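Worksheet for the structure shown next.
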Amino acid sequence: MKNLKKLTSVFLAVIMLLAMNTTAFAAVSDTGFSDVAANAWYADAVTYVRGHGLMSGTSTTTFSPEATTSRGQIAAILYRAAGSPAVTSGTDFPDVASTAYYADATRWASANGIVSGYPNGNFGPNDSITRQQFAAILWRYAGSPAASRGQDFADESSISSYASTAVDWAHENGIINGKGGNIFDPDGNATRAQAAAKALFVGGGDMSNVPATTLTQDDLTDGAIGVLDLMVKCKLAPSKKEARRLVDQGGVEVNGEKVAAPTVSYTAADLTGEGLLIKKGKKVYHRAQM
2 MKNLKKLTSV FLAVIMLLAM NTTAFAAVSD TGFSDVAANA WYADAVTYVR GHGLMSGTST
62 TTFSPEATTS RGQIAAILYR AAGSPAVTSG TDFPDVASTA YYADATRWAS ANGIVSGYPN
122 GNFGPNDSIT RQQFAAILWR YAGSPAASRG QDFADESSIS SYASTAVDWA HENGIINGKG
182 GNIFDPDGNA TRAQAAAKAL FVGGGDMSNV PATTLTQDDL TDGAIGVLDL MVKCKLAPSK
242 KEARRLVDQG GVEVNGEKVA APTVSYTAAD LTGEGLLIKK GKKVYHRAQM
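The working numbering numbers the first residue of the sequence shown as 2 and each following residue consecutively.
Next up, the structure:
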């Protein structure tokens, strides 16, 4: 665990870039899974985690990228990334069978203070992991570093007290940014595709920068910029009309989330740090930041 606690903020920032639709890794021609296309944003991540034994498929032919990630799966990913060390301590949770693939991982995670159980003593290995739980786990995995309190999210009061510092740290370092409208969505679930991308970081993955546009306060109106104006500013669409067409067709994603309506807007807080990673269609990526 000592090496894990020496992670620098530069590498920590990579998690967010990996998690949000970047194609900077070496392209693959066949992922080995029928439900993971070679041009999917997470294809390289899936290939990496499979090849390095960090994650396996949900069957011999499928990965189920859009399925939610469970607490047991996350514990197993981090345990394998740490080299699957011998486990001599930790909690034997009553709802974790000794034969489960994540049994050693949950004991290791609890012994190292990375993932704890619930107040009732259970671990909840099959429970879907939420965004605030994911932030807390990555924060503890990194050694619980200090974090400065930034601008509050609109749903700040919905963030649990145990995850408050972790969310500040994740946001400060660009690891898990907010969504449109300056919300964090603490109870939103993480998918297997996102977990695979984050596992690239803990497993030693690397990436290069995608094209970026730097915005100023002059680009904002009343402290925000609409997604249509943002796409035009980033030269992802020649006009707002074309940008609207792309959004209406479901062809635009921001920070891994499909833009649901052309009226969505983003604040200066959304654009700070690593900013927003925009995906147009299947292969075009662009970062907007301040």
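Quick reminder that beta carbons are idealized off the backbone N, C-alpha and C, glycines included. Quick caveat: nothing in here was measured; it's all calculated off a predicted structure.
In whole angstroms, what separates the C-alpha of residue i from that of residue j?
i: Leu55; j: Gly84; result: 10 Å
i: Asp93; j: Thr107; result: 8 Å
i: Gly204; j: Lys242; result: No answer about Gly204 holds up, because its pLDDT of 43 lies below 50 and its placement is not dependable.
i: Met232; j: Gly181; result: 14 Å
i: Glu173; j: Ala148; result: 7 Å
i: Gly114; j: Asn40; result: 37 Å
i: Leu79; j: Gly73; result: 10 Å
i: Pro146; j: Ala164; result: 13 Å
i: Phe34; j: Asp223; result: 46 Å
i: Val88; j: Val97; result: 15 Å
i: Thr273; j: Gly118; result: 34 Å
i: Ser99; j: Ile130; result: 21 Å
i: Ala25; j: Lys281; result: Confidence at Ala25 is low in this model, with a pLDDT of 37, below 50, so its placement is unreliable and the value that follows should be read with caution. Spanning the two alpha carbons is a distance of roughly 15 Å.
i: Ser57; j: Leu221; result: 44 Å
i: Leu278; j: Cys235; result: 11 Å
For residue i, tell me which candidate among the options has the shortest Cα-Cα distance.
i: Val248; options: Lys234, Asn256, Val265, Lys236; result: Val265
i: Val255; options: Lys242, Leu237, Asn113, Ile115; result: Leu237
i: Arg132; options: Thr48, Phe185, Lys234; result: Phe185
i: Gly144; options: Pro126, Ile160, Thr166; result: Thr166
i: Asn121; options: Pro95, Ala110, Thr69, Ala101; result: Pro95
i: Ile138; options: Asn123, Asp156, Ser111; result: Ser111
i: Asn127; options: Phe34, Ala269, Ala68, Arg288; result: Ala68
i: Gly59; options: Asp36, Ala44, Ala46, Gly257; result: Looking at the sequence itself, residue 59 is Thr, so the reference to Gly does not match. Measuring from the Cα of Thr59, the nearest candidate turns out to be Asp36.
i: Thr217; options: Gln290, Thr61, Phe64; result: Gln290
i: Trp140; options: Ser162, Ala155, Asn123, Asp169; result: Asp169
i: Ser65; options: Ala225, Ile177, Thr32; result: Thr32
Given that a residue counts as buried once 16 or more other Cβ atoms are within 10 Å of its Cβ, and exposed if not, what is residue i?
i: Tyr286; result: buried
i: Asp153; result: exposed
i: Gly276; result: buried
i: Tyr142; result: buried
i: Gln134; result: buried
i: Lys6; result: Note on Lys6: pLDDT 33, under 50, position unreliable in the model; the coordinate value appears next. Exposed.
i: Tyr267; result: buried
i: Thr48; result: buried
i: Asp271; result: buried
i: Tyr103; result: buried
i: Ser71; result: buried
i: Arg246; result: exposed
i: Ala38; result: exposed
i: Ala76; result: buried
i: Arg150; result: exposed
i: Gly299; result: Since the displayed the chain opens at 2 and closes at 291, residue 299 lies outside it and no answer follows.
Which stretch, first to last residue, makes up the beta strand (DSSP E) that contains residue i?
i: Gly73; result: Careful: Gly73 lies outside any beta strand (DSSP E), inside the alpha helix (DSSP H) at 72-82.
i: Lys281; result: 277-281
i: Val37; result: Val37 -> no beta strand (DSSP E), and no H or E assigned at all.
i: Thr89; result: Taken as a continuous stretch (DSSP letters only), Thr89 belongs to no beta strand (DSSP E), as it is neither H nor E.
i: Ala46; result: Element bounds for Ala46: not the beta strand (DSSP E) but the alpha helix (DSSP H), 44-52.
i: Ala41; result: Run containing Ala41: none; DSSP gives neither H nor E here.
Between which two residues does the alpha helix (DSSP H) holding residue i run?
i: Ile138; result: 132-142
i: Gly227; result: Looking at the DSSP string, Gly227 is not in any alpha helix (DSSP H); the run it does join, the beta strand (DSSP E), is 225-227.
i: Val168; result: 165-173
i: Ser129; result: Ser129 -> no alpha helix (DSSP H), and no H or E assigned at all.
i: Ala112; result: 104-112
i: Glu243; result: 241-249
Within the 8 Å Cβ cut-off, does residue i reach chain E?
i: Val37; result: Among the protein chains of the structure shown there is no chain E, as only one such chain exists.
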